[in-house]
Amino acid sequence: MNHYEQRLEHDEQDIRERTETVAALVKEALKNAVHALLTGNRTLANLTVLGDGEINREVRAIDRDCHHFIVRHLPSAGHLRMMSATIRSVIALERIGDYAVSIGRVAARLSAPPEQRLAAAVGAMAEESGEMLERAIQALLERNVEQAKAIMVMADQVERLRVGALDDLTAAQGQLPIADLFAMFVVFSMLERVSDQAKNLCEEAVFEATGQTKEKKVYRILFLDRENTGLAPMAEAIARANFPASGEYESAALTPAPEFDPEMVAFMSSRGIDLAGMAPRQYDKVPLELADYHIHAQRLARTADAVDRVARLSGSLFRRRTGRFPTPAPLVADDGAGPPDAGRAPGSVDVRSTGGGGGVAEA
2 MNHYEQRLEH DEQDIRERTE TVAALVKEAL KNAVHALLTG NRTLANLTVL
52 GDGEINREVR AIDRDCHHFI VRHLPSAGHL RMMSATIRSV IALERIGDYA
102 VSIGRVAARL SAPPEQRLAA AVGAMAEESG EMLERAIQAL LERNVEQAKA
152 IMVMADQVER LRVGALDDLT AAQGQLPIAD LFAMFVVFSM LERVSDQAKN
202 LCEEAVFEAT GQTKEKKVYR ILFLDRENTG LAPMAEAIAR ANFPASGEYE
252 SAALTPAPEF DPEMVAFMSS RGIDLAGMAP RQYDKVPLEL ADYHIHAQRL
302 ARTADAVDRV ARLSGSLFRR RTGRFPTPAP LVADDGAGPP DAGRAPGSVD
352 VRSTGGGGGV AEA
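In my numbering, the protein residues as written are 2 to 364.
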């Protein structure tokens with residue numbers, strides 16, 4: 002091995018060891034934050050918050066070393082992939098450290114440790130997320146592709162635990178101060194995000210070893226209304242026309258009408274969107290299939306109201322197609338808010354993210 006190869010191997014090993022050090026700090030911070038929360042140990046909670054500075058400094062140092070490595074060695078293939086994966090991986094680790102800080106701050110401010118049911122939910126999520134993180138870090142450091150791919154599916158289990166934890170949180174309403182309820186919601190969200198970042202680490206492990214990147218995310222969106230003649234097919238058509246590469250769009254109804262409302266068809270035609278080839282469709286999804294959809298929108302108002310609201314909310318979307326305005330306004334928002342002149346009418350739309358496993362609300 003010549004001098005250049007020795008220097009390259011030394012620099013690479015140094016970066017890998019520093020990454021392992023950051024990973025150990027992050028795991029310890031998360032463990033301490035959860036322990037502080039469950040035991041009411043405010044001193045440990047505050048120490049966890051203060052310790053985040055060391056993690057941030059190490060992450061910045063690794064980022065600097067990776068860029069120096071690229072400049073010094075002009076790497077290609079595997080060495081270049083390692084630098085790219087490392088830069089992104091330490092960012093994921095830094096974010097997990099931030100989640101530990103958030104949990105630590107909750108532990109320091111909570112009026113009392115969580116009651117038994119919520120504590121059990123926190124423990125279950127922390128154990129599952131922690132195990133996923135541990136194994137993801139191992140797969141990254143060992144460049145173990147098979148292990149990395151196997152770990153990714155664990156995120157679904159963490160999501161299921163979060164759903165159960167939120168049910169427990171809902172049941173605790175009236176028994177806990179409002180501030181504590183919101184604080185526990187933050188804790189459950191942070192623990193779920195730990196699993197998300199662990200999944201990102203697995204994706205980086207696969208990329209470093211094989212060059213394979215994760216598939217582009219395509220959203221599956223399902224719009225529902227009473228007869229599939231009003232806002233749901235309008236929203237589907239608008240989404241297809243304006244954001245064809247961003248998602249797969251469908252609309253349906255429990256009791257679809259024989260044909261679209263002529264009023265709605267005329268309105269869409271006047272805006273340059275042809276509904277030819279579309280027709281009211283029957284809702285036929287089983288609960289398991291709904292896990293594949295990110296958003297469900299429910300629409301129960303009359304078509305006249307739908308036309309009026311979409312005309313106001315989506316005007317800039319249509320204008321964008323003609324090039325008159327550069328930025329589209331959102332079609333709907335979670336709270337039904339739109340542009341200033343579009344108040345919450347009876348024809349508003351409820352849009353919700355299912356996060357993989359949600360259901361459709363009843364009318």
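Glycine included, C-beta positions come from ideal geometry on N, C-alpha and C.
Bear in mind that the values here come from a model prediction, so they are computed numbers and not experimental data.
According to DSSP, residues forming a beta bridge with residue i
i: F183; result: In the DSSP output, where bridge partners are listed per residue, F183 has none listed.
i: R221; result: E249
i: L48; result: According to DSSP, which records beta bridges pairwise, L48 is partnered with nothing at all.
i: Q283; result: A254
i: L26; result: L26 is not bridged to any residue.
i: L134; result: The partner list for L134 (beta bridge, DSSP) is empty, contrary to what the question assumes.
i: L177; result: Q174
Residue i, buried or exposed, once every other Cβ within 10 Å from all chains shown has been counted against 16
i: N1; result: One cannot answer for residue 1 here, as it falls past the ends of the chain, which runs 2 to 364.
i: K217; result: exposed
i: A334; result: Confidence at A334 is low in this model, with a pLDDT of 35, below 50, so the placement of that residue should be treated as unreliable; the coordinate-derived value is given next. With fewer than 16 other Cβ atoms within 10 Å, it is exposed.
i: F261; result: buried
i: G356; result: At G356, the pLDDT of 43 sits below 50, so the modelled position is not reliable; the number obtained from the coordinates is stated separately. Exposed is the call here.
i: E128; result: exposed
i: P340; result: For P340, the predicted structure reports a pLDDT of 35, less than 50, and the residue's modelled location is therefore unreliable. The matter cannot be settled from this model.
i: N201; result: buried
i: P263; result: exposed
i: Q176; result: exposed
i: E18; result: exposed
i: S271; result: exposed
i: S252; result: buried
i: D181; result: buried
i: Q14; result: exposed
i: E10; result: exposed
i: D168; result: exposed
i: F183; result: exposed
i: L170; result: buried
i: E290; result: exposed
i: E59; result: buried
Whether residue i touches residue j by CB criterion (8 Å)
i: P259; j: N229; result: no
i: L49; j: N33; result: A quick correction: the sequence has Thr, not Leu, at residue 49. Cβ atoms of T49 and N33: closer than 8 Å.
i: E204; j: R82; result: no
i: A238; j: I179; result: no
i: L39; j: V123; result: yes
i: S196; j: S112; result: no
i: M365; j: L162; result: Given that the chain is displayed from residue 2 to residue 364, the structure contains no residue 365 and the question cannot be resolved.
i: Y284; j: A254; result: yes
i: L119; j: A173; result: yes
i: V146; j: V188; result: no
i: R43; j: A149; result: no
i: G248; j: R282; result: no
i: E95; j: N57; result: yes
i: A233; j: F224; result: yes
i: I97; j: L134; result: yes
i: A78; j: D53; result: no
i: A199; j: A137; result: yes
Bounding residues of the alpha helix (DSSP H) (the contiguous stretch that carries residue i)
i: D262; result: Unbroken run through D262: none, as it is neither H nor E.
i: A156; result: M155 to A172
i: D64; result: D53 to H74
i: M2; result: Premise fails: M2 is in no alpha helix (DSSP H) and is neither H nor E.
i: R241; result: L232 to N243
i: R110; result: A78 to R110
Residue interval of the beta strand (DSSP E) (run including residue i)
i: E116; result: First-last for E116: undefined, no H or E at that position.
i: E251; result: G248 to A253
Is the region 84-95 touching the region 180-195, taking contact as three or more C-beta pairs under 8 Å?
no
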